[in-house]
DNA sequence: GCCACCCTAGTCGTCTGACGACTGCGGGGC
DNA sequence: GCCCCGCAGTCGTCAGACGACTAGGGTGGC
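Chains as they are written, first to last, in the working numbering: chain A, 85 to 355; chain S, 85 to 355.
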């Protein structure tokens with residue numbers, strides 16, 4: 085029982101122990117559950133600086149007692165935050181606060197992107213285009229040699245002689261966009277781009293690979309973007325990235341995919 | 085209804101090893117816990133259409149058995165998705181899939197925004213500006229009378245004679261930006277704007293109280309935006325919104341807000 | 001016939017206790 | 001000095017039980 089950071093939990097000392105009715109949410113908005121108490125409590129600790137990135141949380145039993153809940157609900161709350169990218173638990177070691185990096189915290193957003201992908205692909209791609217064009221323009225201003233080399237490497241991987249695995253091609257594609265987004269110097273923007281370009285694009289583009297012309301054209305568009313980045317020309321970078329993404333959108337819109345995803349696993353729209 | 089969707093226990097994590105693997109797992113610590121199985125399983129059901137918006141999930145016991153886990157981990161997974169805005173549980177009634185609206189699913193993102201507010205406010209505001217200016221431009225093209233009236237109403241609320249409550253002022257401010265974002269016709273963009281306008285605005289409140297001139301100037305900037313929207317002039321709307329947000333950024337940067345001990349506990353209950 | 005009330009079954013929310021799996025660290029053997 | 005092993009600590013999971021709450025139908029009164 086030694087060695088816990090003093091997590092002064094406001095257990096609401098004045099309240100009667102028997103009155104377990106949490107008056108947290110007086111607006112009657114629905115869920116004053118114990119788990120919510122846990123989530124809000126931990127969030128609060130992070131906000132107030134009691135818990136910082138990389139720091140270790142008290143043990144479950146202790147934290148549970150501190151927050152006035154049992155271990156079950158406590159674990160539910162911790163798990164929820166874990167899936168949000170805020171906490172990370174390692175069996176046998178303990179629970180830690182993550183680096184709170186935007187890329188981590190925006191990861192769950194890709195799920196939303198995937199979901200809405202089916203319905204409103206247009207709206208989604210518009211936003212993605214907005215984000216990526218801006219990222220390209222920003223990157224053109226301040227990209228360094230290292231990032232340029234990384235981008236070049238990604239293109240090389242896409243253009244490897246003798247053909248490349250489709251999966252590898254897509255990975256390199258994603259990597260290229262990733263490098264550009266990172267080079268923008270805005271981590272939040274980069275994280276958003278990553279979230280929007282996550283799995284959907286991968287699934288989609290996968291099918292696009294069946295079209296021979298598409299890969300060649302895609303590669304060419306990427307090269308044009310890279311050239312603009314090398315020249316540190318924001319306008320050109322922006323326009324060329326926009327052109328590239330428009331081409332992708334047109335391609336997808338033209339196909340207007342009937343099945344949701346095209347991976348080997350065949351699924352029929354059981355509507 | 086033909087009963088609940090049959091939850092065929094296709095837990096089968098090895099469905100398609102090539103595409104299925106979420107590369108989100110950075111460390112690739114190949115330890116898919118039971119809770120992860122639950123989360124992925126439910127996600128998959130939603131993806132495949134087995135579960136649709138508003139639909140009811142099977143009871144915990146059945147679902148747990150179907151996924152091959154106990155009730156504890158199942159609840160953890162459900163709770164995690166609940167906090168992500170994907171599911172909603174009502175005691176005594178059952179568990180339901182939410183409307184899967186972007187605004188719901190992006191709600192947890194505001195937490196990230198709040199966290200990074202302290203550190204990387206610059207990057208964050210840049211992205212917000214990018215999003216909102218685009219939203220304003222889009223809105224100018226297709227905004228209808230109803231939305232214009234709503235925006236006007238928000239401005240009226242901000243300019244009520246005799247002074248307004250600071251809280252009310254901020255609410256109206258948020259409402260205005262919300263209306264503009266909605267009028268853009270892009271729900272994803274609107275949801276992002278909403279998420280990004282979470283706490284930043286709150287900080288502004290606080291400051292707006294102390295500075296009389298700030299409210300007047302803010303109001304004036306809003307009016308300029310609205311005027312451009314009425315004229316259906318995208319360029320003007322974009323520029324004026326950008327100007328407004330730049331002013332806000334300068335304001336905040338100049339103030340370099342004091343200890344974030346603002347109201348950490350949500351909003352203070354009015355009653 | 002219509003309505004209000006109560007009552008019962010169904011479901012989620014929480015607690016308690018226990019055991020296994022894994023991690024990290026220090027001591028002992030070589 | 002280095003390696004192996006055992007040990008305590010911690011998380012992961014399971015099981016059972018009970019309370020709280022909701023929804024729907026049945027019943028009685030009007």
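Note that CB positions come from ideal geometry on N, CA and C, so glycine has one too.
Cutoff 6 Å; reference residue i; Cβ partners in own chain excluding five residues on either side
i	result
residue 227 of chain S	267, 313
residue 183 of chain S	137
residue 190 of chain A	275, 279
residue 231 of chain S	263, 267
The alpha helix (DSSP H) enclosing residue i, as first and last residue numbers
i	result
residue 213 of chain S	205-226
residue 140 of chain S	No alpha helix (DSSP H) holds residue 140 of chain S; DSSP gives it neither H nor E.
residue 123 of chain A	118-132
residue 165 of chain S	155-167
residue 264 of chain S	250-267
residue 272 of chain S	271-280
residue 315 of chain S	Premise fails: residue 315 of chain S is in no alpha helix (DSSP H) and is neither H nor E.
residue 239 of chain A	229-242
Alpha-carbon to alpha-carbon, residue j and residue i
i	j	result
residue 104 of chain S	residue 174 of chain S	For residue 104 of chain S, the predicted model reports a pLDDT of 34, less than 50, meaning its position is unreliable and no value from the coordinates is stated.
residue 112 of chain A	residue 166 of chain A	Note on residue 112 of chain A: pLDDT 38, under 50, position unreliable in the model; the coordinate value appears next. About 27 Å.
residue 146 of chain A	residue 125 of chain A	14 Å
residue 357 of chain S	residue 180 of chain A	It is not possible to answer for residue 357 of chain S, since the shown part of chain S is limited to 85 through 355.
residue 308 of chain A	residue 240 of chain A	14 Å
residue 243 of chain A	residue 279 of chain A	25 Å
residue 210 of chain S	residue 128 of chain S	35 Å
residue 229 of chain A	residue 134 of chain A	40 Å
residue 196 of chain A	residue 208 of chain A	10 Å
residue 269 of chain S	residue 222 of chain S	7 Å
residue 333 of chain A	residue 301 of chain A	14 Å
residue 277 of chain S	residue 215 of chain S	6 Å
residue 329 of chain S	residue 318 of chain S	16 Å
residue 304 of chain A	residue 249 of chain A	18 Å
residue 139 of chain S	residue 151 of chain S	18 Å
Limits of the unbroken beta strand (DSSP E) element including residue i
i	result
residue 149 of chain S	Taken as a continuous stretch (DSSP letters only), residue 149 of chain S belongs to no beta strand (DSSP E), being part of the alpha helix (DSSP H) at 144-151.
residue 171 of chain S	171-174
residue 182 of chain S	Segment: none, residue 182 of chain S is in no beta strand (DSSP E) and carries neither H nor E.
Residue i, buried or exposed, once every other Cβ within 10 Å from all chains shown has been counted against 16
i	result
residue 169 of chain S	buried
residue 271 of chain A	buried
residue 261 of chain A	buried
residue 143 of chain S	exposed
residue 161 of chain A	buried
residue 274 of chain S	buried
residue 316 of chain A	exposed
residue 192 of chain A	buried
residue 224 of chain A	buried
residue 251 of chain A	exposed
residue 322 of chain A	buried
residue 198 of chain S	buried
residue 116 of chain S	exposed
residue 155 of chain A	exposed
residue 177 of chain S	exposed
Same chain, Cβ closer than 7 Å to residue i, five either side skipped, listed in chain order
i	result
residue 326 of chain A	213, 217
residue 320 of chain S	312
residue 238 of chain S	256, 259, 260, 263
residue 153 of chain S	118, 121, 122
residue 360 of chain A	Chain A is shown only over 85 to 355; residue 360 of chain A falls outside these bounds and no answer can be derived.
residue 220 of chain A	264, 309, 321, 322, 325
residue 157 of chain A	118, 119, 122
residue 236 of chain A	310
Close-in-space but distant-in-sequence residues of the same chain around residue i (CB under 8 Å, 5 per side omitted)
i	result
residue 171 of chain A	126, 141, 162, 165, 179, 180, 181, 182
residue 234 of chain S	259, 263
Proximal residues, the stretch 126-156 of chain A versus chain S, C-beta separation under 8 Å: 127, 128, 130, 131, 132, 156
Contact residues within the stretch 177-202 of chain S, judged by C-beta distance below 8 Å to chain A: 184, 186, 189, 190, 192, 193, 195, 196, 198, 199, 200
Where the stretch 294-327 of chain S meets chain A: residues whose CB sits under 8 Å from a CB there: none
Contact list for the stretch 260-272 of chain S against chain A, Cβ threshold 7 Å: 270, 271, 272
Residues from the stretch 206-227 of chain A in contact with chain S, defined by Cβ distance under 7 Å: 207, 208, 210, 211, 214, 218
Residues, ordered as in the chain, of the stretch 160-177 of chain S that lie near chain A by beta-carbon distance below 7 Å: 160, 163, 164, 167, 168
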